[in-house]
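Colleague:
In our numbering, the protein residues as written are 35 to 391.
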């Protein structure tokens, strides 16, 4: 039945004394028959004043607070709706929850929730409060540190198993095992391996773990994801994927590495340097030989080697300007596989376009 004026006076007194507001109802021990008839009351928990409330935490150990530090918290508002701390206890009890595992920023709520359990005569669940993840600088993780939501990690090109594996190992240890599948983690996980201190988000390490899972991920799934990011089908991608994924740490990197399959990229600086007059002349002479090839990887390799030998060149002397002309870059999978993936029409079209420049 505290009025707004009484609450304001309590708040002002706490501020003047340099302490946090603690509301202990002055009517907690009065006869209910003396309650004002014209006020819709809130319902408060008559919290114990003596002794301690102890959380036997499975991660943090025993954590205690003096009951004198806790107040008579509201469990039902004046309109009859329950507060969060009350509702979550009732919900967990009704659902027979045995373990409450959550971030350690909820630890202070647990003392109040335990008092609600005890007031109802209910058995307590086991609590485990996991340290929060901090940024690389040790500060609380925020937007400036990078991705925070599942959709952001997806958009940045991390595969689901990579994210799950990294986040699991971020605050939990299982010997020296760095790479664990979800099934393996389920089989061996226990709370004893959870650390008490906050972990630091390391995006370099995340990339390394993700790279492992990129190589393990089903290739049909990878092709579908890359094509979604490209916005167009890439028929030759399946041919090059085993090679492209070895160099990529994220799906974004994999997509960029595959972009030349669907887009004629302008040569970058290094590629332009490889397209000398001699290099262009070699490619012009090579085009008819490629046109007559069966466009199997072995057939392409045979044509390139025969052409290099006939012109007194090393294979690399042919491969580098050819790679620059077809992909716009000097880094690509093996040139024979790259040519096969692009297909006859696209390869000859790109060489013809180069000859016109």
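The beta-carbon is built from N, C-alpha and C at its ideal position, and this holds for glycine as well. Being a predicted model, the structure only gives us computed values, none of them experimental.
By DSSP, does residue 145 sit in helix, in strand, or in coil?
Modeller: Walking along the chain shown from the start, residue 145 turns up at place 111. Helix at residue 145.
Colleague: Excluding sequence positions up to five away, which residues of its chain have a Cβ less than 7 Å from the Cβ of residue 321?
Modeller: Counting from one through the chain shown, the residue named residue 321 turns up at place 287. These residues qualify, in order along the chain: 382 and 385.
Colleague: Can you give me the C-alpha to C-alpha distance between residue 105 and residue 150, rounded to a whole angstrom?
Modeller: Along the chain shown, one-based indexing puts residue 105 at 71. Along the chain shown, one-based indexing puts residue 150 at 116. Computed Cα separation, rounded: 12 Å.
Colleague: Out of curiosity, what's the CA-to-CA distance linking residue 305 and residue 312?
Modeller: Residue numbering aside, residue 305 sits at position 271 when the chain shown is read from its first letter. Residue numbering aside, residue 312 sits at position 278 when the chain shown is read from its first letter. Taking the straight line joining both Cα atoms gives about 14 Å.
Colleague: Cα-Cα, which of 230, 240, 155 and 166 is closest to residue 187?
Modeller: Sequence index remark: in the chain shown, residue 187 carries index 153 (1-based). For residue 187, the nearest C-alpha among the options comes from 240.
Colleague: Let me know the secondary structure DSSP gives residue 167 once reduced to three states.
Modeller: Here residue 167 refers to the residue found at position 133 of the chain shown. In this structure, residue 167 counts as strand in the three-state DSSP scheme.
Colleague: Measure the C-alpha to C-alpha separation of residue 367 and residue 194 and round it to an integer number of angstroms.
Modeller: The count along the chain shown starts at 1 and reaches residue 367 at position 333. The count along the chain shown starts at 1 and reaches residue 194 at position 160. For residue 367 and residue 194, the distance between alpha carbons rounds to 26 Å.
Colleague: Classify residue 60: buried if its beta carbon has 16 or more other beta carbons within 10 angstroms, exposed otherwise.
Modeller: As a position in the chain shown, residue 60 is number 26, starting the count at 1. Its Cβ having fewer than 16 others within 10 Å, residue 60 is exposed.
Colleague: How should residue 185 be labelled, buried or exposed, when 16 other C-beta atoms within 10 angstroms of its C-beta is the threshold for buried?
Modeller: Indexing the chain shown from 1 puts residue 185 at position 151. It is exposed - the Cβ of residue 185 has fewer than 16 other Cβ atoms within 10 Å.
Colleague: How many Å lie between residue 338 and residue 380 at the Cα?
Modeller: Counted from its first residue, the chain shown places residue 338 at position 304. Counted from its first residue, the chain shown places residue 380 at position 346. Their Cα atoms are separated by approximately 17 Å.
Colleague: Rounded to whole angstroms, what is the Cα-Cα separation between residue 301 and residue 333?
Modeller: As a position in the chain shown, residue 301 is number 267, starting the count at 1. As a position in the chain shown, residue 333 is number 299, starting the count at 1. Residue 301 and residue 333: Cα-Cα distance of roughly 27 Å.
Colleague: In angstroms with no decimal places, state the Cα-to-Cα distance between residue 278 and residue 221.
Modeller: The sequence position of residue 278 within the chain shown is 244, counting from 1. The sequence position of residue 221 within the chain shown is 187, counting from 1. Cα-Cα distance, rounded: 33 Å.
Colleague: My understanding is that residue 211 touches residue 159, with C-beta atoms under 8 Å, so please give their C-beta distance in whole angstroms.
Modeller: The residue given as residue 211 occupies position 177 in the chain shown. The residue given as residue 159 occupies position 125 in the chain shown. About 29 Å separates the two Cβ atoms, so there is no contact after all.
Colleague: When you compare the stretch 71–90 with the stretch 135–152, are there three or more beta-carbon pairs, one atom per stretch, that lie closer than 8 Å?
Modeller: Yes, they touch.
Colleague: Would you list the one or two residues that DSSP bridges to residue 90?
Modeller: Here the question's residue 90 lines up with position 56 in the chain shown. DSSP lists 96 as partners of residue 90.
Colleague: If you draw a straight line from the C-alpha of residue 138 to the C-alpha of residue 164, how long is it?
Modeller: Counted from its first residue, the chain shown places residue 138 at position 104. Counted from its first residue, the chain shown places residue 164 at position 130. So the two alpha carbons sit approximately 5 Å from each other.
Colleague: Can you give me the Cβ contacts of residue 298 inside the same chain, cut-off strictly under 8 Å, excluding the 5 residues immediately before and after it?
Modeller: Numbered from 1 along the chain shown, position 264 holds the residue referred to as residue 298. If we look at residue 298 and ignore the five residues flanking it on each side, its Cβ neighbours are 362, 384 and 387.
Colleague: Here's the rule I'm using: 16 or more other beta-carbon atoms within 10 Å means buried, otherwise exposed. How should residue 129 be labelled?
Modeller: Taking the first residue of the chain shown as position 1, residue 129 is located at position 95. With fewer than 16 Cβ atoms within 10 Å of its Cβ, residue 129 is classed as exposed.
Colleague: Can you grab the Cα-Cα spacing for the pair residue 255 / residue 97, in whole Å?
Modeller: Locating residue 255 in the chain shown gives position 221, where the first residue counts as 1. Locating residue 97 in the chain shown gives position 63, where the first residue counts as 1. Going by the C-alpha atoms only, they are around 47 Å apart.
Colleague: Give the C-beta separation of residue 260 and residue 268 to the nearest angstrom, bearing in mind that I take them to be a contact with Cβ-Cβ under 8 Å.
Modeller: If you number the chain shown from 1, residue 260 lands on position 226. If you number the chain shown from 1, residue 268 lands on position 234. Confirmed, Cβ separation roughly 7 Å.
Colleague: In terms of residues, what are the limits of the beta strand (DSSP E) holding residue 73?
Modeller: Looking up residue 73 in the chain shown gives position 39. Neither: residue 73 is in no beta strand (DSSP E) and is coded neither H nor E.
Colleague: Can you find at least 3 beta carbon pairs, one from the stretch 161–178 and one from the stretch 229–246, that sit closer than 8 Å?
Modeller: Flag = yes, the stretch 161–178 and the stretch 229–246 touch.
Colleague: What distance in whole Å lies between the Cβ atoms of residue 389 and residue 358, which are believed to be in contact at a cut-off of 8 Å?
Modeller: Counting from one through the chain shown, the residue named residue 358 turns up at place 324. Counting from one through the chain shown, the residue named residue 389 turns up at place 355. Incorrect: roughly 14 Å between the Cβ atoms, too far for contact.
Colleague: What would DSSP say about residue 377, mapped onto helix, strand or coil?
Modeller: Looking up residue 377 in the chain shown gives position 343. In the structure shown, residue 377 sits in coil (DSSP, three-state: anything other than H, G, I, E or B).
Colleague: Using a Cβ-Cβ cut-off of 7 Å (strictly less than) and excluding sequence neighbours within five positions of residue 394, which residues of its own chain qualify?
Modeller: In the structure displayed, the chain extends from 35 to 391; residue 394 sits before or after that span and is not available.
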